[in-house]
Amino acid sequence: MLEIKDLHAGSEGNEILKGISLSVKKGEIHAIMGPNGSGKSTLAKVLSGHPAYKITSGEILFEGKDLQGVSAEDRALNGIFMGYQYPVEVPGVNNAEFLRMAYNARLVKQGKEELDPMDFDDLLQSKMDMLGMEVKYKERNLNDGFSGGEKKKNETLQMALLEPKLAILDETDSGLDIDALRVVADGVNKLYTKDKALILITHYQRLLDYIKPDYVHVLSKGCIIKSGEKGLALELEAQGYDWLTKV
Amino acid sequence: MTTTTTETANRPELAIRDLFNKSQSGNKTSPALKKFNQAALEKLEALKFPDRKHEMYTFVGTRELVATEFALAASGTIAKEQVDALIYSNSKNSCLVFVDGAFCEELSDISALGAGVRLTPLSEAIEQAEVSDYLLATVKDENDVFSAMNGALVSDGLVLEITENTTVDVPLQILYISSESKTPVLHCPRILIFARRSSELNVAVKFSGGATSCFVNAVQDILVEENAHITYSQFQDDSAWHFSKLRTTQKRASRFISSNAMSGAHLARCHYEMWLTEPGAELQLNSLSVLHKEEQAHNYVQIHHQAEHCTSTQLFRNLVDDKGRSSIDGTVVVHPGAQLTSSEQLINNLMLSDDCRADNKPNLKIYADDVKCTHGATVGQLNEDQVFYLKTRGLSEATARTLLTRSFAESMIQTAPSPQVAEDWRNVLLKKLGANE
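Protein chains in written order, with our numbering: chain B, 50 to 296; chain V, 4 to 440.
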């Protein structure tokens with residue numbers, strides 16, 4: 050589904066990713082771990098098409114097509130979802146209205162008819178019920194004044210609606226207490242099906258107790274320095290990153 | 004005011020004296036009102052119309068206005084249907100309508116207001132010492148020549164009294180509407196509200212439908228007595244010259260919450276003069292302007308903290324496109340002894356074109372040593388992080404930008420005191436943004 054080949058990328062002339070290769074197939078969950086400043090969030094931004102980050106060499110193929118030059122909205126419409134570490138607050142934009150716009154943009158792209166507000170509300174309610182979210186999420190403005198946990202839940206709700214093929218969750222666990230983490234992780238697990246793929250970017254192993262990855266990669270100084278199965282995460286948790294990065 | 008500006012320097016003031024003489028000769032109003040008119044005229048002549056260097060009019064070009072020869076408006080007629088369409092659905096039986104500056108009883112409906120609200124024509128109320136003393140005191144301290152001009156030329160107005168402990172259950176709407184006129188006319192509406200101790204009132208003021216040759220020069224005074232709560236909104240939506248002054252005086256533990264919107268005009272200016280005179284008074288002032296084409300909207304704000312433990316917060320948002328111009332000139336004065344004052348001012352400008360202009364001049368004058376005062380102003384384009392966030396959810400660049408532009412206004416619209424007022428603002432202001440897509 051996603052093929053990253055010897056990717057070099059950075060922003061403002063600084064090369065941050067220095068040759069990353071990664072292959073993610075349908076039905077797989079990959080965890081990308083690494084110390085602060087290793088390039089985890091940069092990778093997420095490059096994958097989502099952030100204009101400040103440029104690919105200097107290498108390529109990213111999504112379903113066989115090169116993503117170079119593809120805008121953020123087209124990536125989203127084609128099924129890539131980026132779950133933010135710090136979801137942006139947008140005061141004045143009603144959450145439910147925004148969700149409907151995003152949902153309908155997807156429908157239009159697929160050549161389908163847009164959902165009217167009533168039908169959309171039914172759909173939204175069903176997703177919210179599934180995730181155990183209160184009605185207040187519909188009434189409030191997009192992430193405006195949300196707590197860290199609320200923002201992440203709202204990201205999960207967006208993922209539930211948009212049903213991406215590939216979801217990249219950037220530090221979804223950061224800033225969450227254990228209860229909020231469990232809610233978000235449960236949500237992600239419910240949404241994850243075998244025809245989808247998931248990339249979890251995280252600093253801590255804790256998230257991986259709830260969402261079990263098939264593969265774990267360690268990123269350091271812009272390179273993947275070790276890949277392995279789930280057990281690698283436990284090793285990292287026990288020993289820290291030092292034993293890898295000092296090599 | 005006259006079309007010739009070359010002769011004597013005080014020519015416009017002479018033109019006002021001329022209008023004053025005309026209004027007084029045909030006027031059967033009370034001696035007390037005449038005395039007030041006279042005092043205001045003298046003040047006007049002492050203040051003089053502003054030149055470019057006038058501190059209060061730094062950002063507001065009044066030359067064209069002062070050079071225009073206006074006649075005092077005879078009250079025109081407005082069809083009832085036109086008025087009905089402008090009355091909010093929750094104020095059908097609690098509305099005061101002014102046509103061309105004069106109160107129109109036939110178009111007003113106060114049946115839902117109850118006995119706790121007393122309405123008196125200004126010409127009658129001014130015979131009471133309390134009213135005349137107050138008005139004469141405002142003339143004495145007046146610093147704005149246009150407000151003095153209203154005082155000199157006002158032939159009548161309305162005094163509202165909300166009696167002690169009265170909670171007015173329905174929102175009161177005050178509608179100022181102007182009829183079409185081929186020649187330049189001047190309207191001087193005036194309202195004075197006494198909110199007595201522990202009273203509560205929600206009042207929505209709307210200026211509507213001025214013709215391009217019409218100059219609306221309004222003054223509204225509101226006295227908020229001990230523990231009284233006023234929720235106020237003002238919507239400037241006239242396509243004329245618009246000047247309005249809102250002067251409030253707040254007593255102990257009173258609240259005045261104000262949400263205003265300006266849709267701009269050839270030249271629109273709101274002057275706020277707010278006095279917090281006793282401890283514990285709370286003032287909120289929110290204002291939104293949405294301007295395009297060559298519209299202008301200016302705000303001049305003076306907030307006086309005269310007592311301890313008072314709070315004032317101001318939030319201004321201006322959305323300026325095309326060749327629009329906005330300005331906020333806002334001063335907070337913390338008078339000696341007004342300890343533990345808390346005052347905040349924030350101005351956000353969203354500039355959507357290369358030719359628009361937004362001026363901000365925040366001022367703090369602090370004469371007490373234990374206070375918390377902040378001010379800030381931002382000028383910018385849309386937040387690119389927000390644009391990107393929306394794009395990663397599949398919205399196009401254009402849709403994201405439109406949505407964010409609307410949201411900049413919408414977050415202020417949500418401060419409107421009722422859904423009806425909010426909807427009205429939305430219909431007028433957001434439509435302008437739509438036209439520019």
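Backbone N, C-alpha and C fix where the C-beta goes; we use that ideal spot for every residue, glycine too.
- It is roughly 59 Å from the alpha-carbon of E108 of chain B to the alpha-carbon of T234 of chain V.
- Taking all protein chains shown into account, K261 of chain B has fewer than 16 neighbouring C-beta atoms within 10 Å of its C-beta and is therefore exposed.
- Contact note: G397 of chain V reaches chain B through E122, A125, L126, A151, A154, R155, K158, L211, using a C-beta cutoff of 8 Å and chain order.
- Residue burial annotation: N263 of chain V is buried, with at least 16 other C-beta atoms found within 10 angstroms of its C-beta.
- Three or more beta-carbon pairs separated by less than 8 Å link the stretch 93–105 of chain B to the stretch 119–136 of chain B, which places the two stretches in contact.
- Closer than 8 Å to the CB of Q389 of chain V there is at least one CB belonging to chain B.
- Identification of chain V residues near P84 of chain B by a Cβ-Cβ cut-off of 7 Å yields none; the smallest Cβ-Cβ distance measures about 25 Å.
- Going by beta carbons, S90 of chain B and D219 of chain B fall inside the 8 Å limit.
- Apart from sequence neighbours up to five positions away, the residues of its chain that approach E203 of chain V with a beta-carbon distance below 6 Å are T170, H232, ordered along the chain.
- Short of 6 Å from the beta carbon of L268 of chain B, and not among the five residues preceding or following it, lie these beta carbons of its own chain, in chain order: I81, G83, S87, G88, K89.
- Taking C-beta separations shorter than 7 Å and ignoring five residues to either side along the sequence, the partners of T186 of chain V in its chain run A74, S216, following chain order.
- Interface residue (Cβ-Cβ distance to chain V less than 8 Å): H99 of chain B is classified as such.
- In the DSSP assignment, D240 of chain V falls within the beta strand (DSSP E) that extends over 232–240.
- The C-alpha of P53 of chain V lies about 25 Å from the C-alpha of Q27 of chain V.
- Inclusion of F319 of chain V and S345 of chain V in the CB contact set at 8 Å is not warranted, their separation being larger than that value.
- Taking a C-beta cut-off of 9 Å against chain B, the contacting residues of the stretch 398–417 of chain V are L398, S399, E400, T402, A403, L406, L407, R409, S410, F411, A412, E413, S414, M415, I416, Q417, listed in chain order.
- Not flagged as an interface residue toward chain V: V265 of chain B, since no C-beta distance is shorter than 8 Å.
- Residue pairing for C313 of chain V: DSSP places it in no beta bridge.
- I196 of chain V counts as buried, since at least 16 other C-beta atoms from the protein chains shown sit within 10 angstroms of its C-beta.
- When rounded, the separation of the alpha-carbon atoms in Y152 of chain B and L211 of chain B is 6 Å.
- Between D112 of chain V and W428 of chain V, the alpha-carbon positions lie close to 23 Å from each other.
- Here G236 of chain B carries a helix assignment [DSSP, helix/strand/coil].
- Going by beta carbons, V148 of chain V and R193 of chain V fall outside the 8 Å limit.
- Close to Y60 of chain V, with beta-carbon spacing below 8 Å, lies no residue of chain B; the smallest spacing is near 32 Å.
- Taking the C-beta atoms as reference points, F210 of chain V is found nearer than 8 Å to D240 of chain V.
- The Cβ atoms of K200 of chain B and V233 of chain B do not sit closer than 8 Å to each other.
- Its chain contains H307, K368 as the residues whose beta carbon lies nearer than 6 Å to that of V336 of chain V, once the 5 sequence neighbours on both sides are disregarded; these appear in chain order.
- Restricting attention to alpha helix (DSSP H) runs no shorter than 4 residues, the stretch 114–138 of chain B encloses them at 121–126, ordered along the chain.
- Close to P140 of chain B, with beta-carbon spacing below 7 Å, are these residues of chain V in chain order: S410, S414.
- In chain order, S126, I129 place their CB closer than 6 Å to the CB of L36 of chain V, counting only its own chain and leaving out the 5 sequence neighbours on each side.
- Scanning chain V for C-beta atoms nearer than 8 Å to the C-beta of M131 of chain B yields T395, reported in chain order.
- Cα atoms of K103 of chain B and G59 of chain B: separation of roughly 6 Å, rounded to the nearest angstrom.
- Taking a 10 Å sphere around the C-beta of M152 of chain V, we find 16 or more other C-beta atoms and assign the residue as buried.
- With 16 or more other Cβ atoms from the protein chains shown falling within 10 Å of its own Cβ, T65 of chain V counts as buried.
- DSSP, read as helix, strand or coil, puts E286 of chain B in helix.
- Nearest Cα to A49 of chain V within the set V:T80, V:A155, V:R199, V:S135: V:A155.
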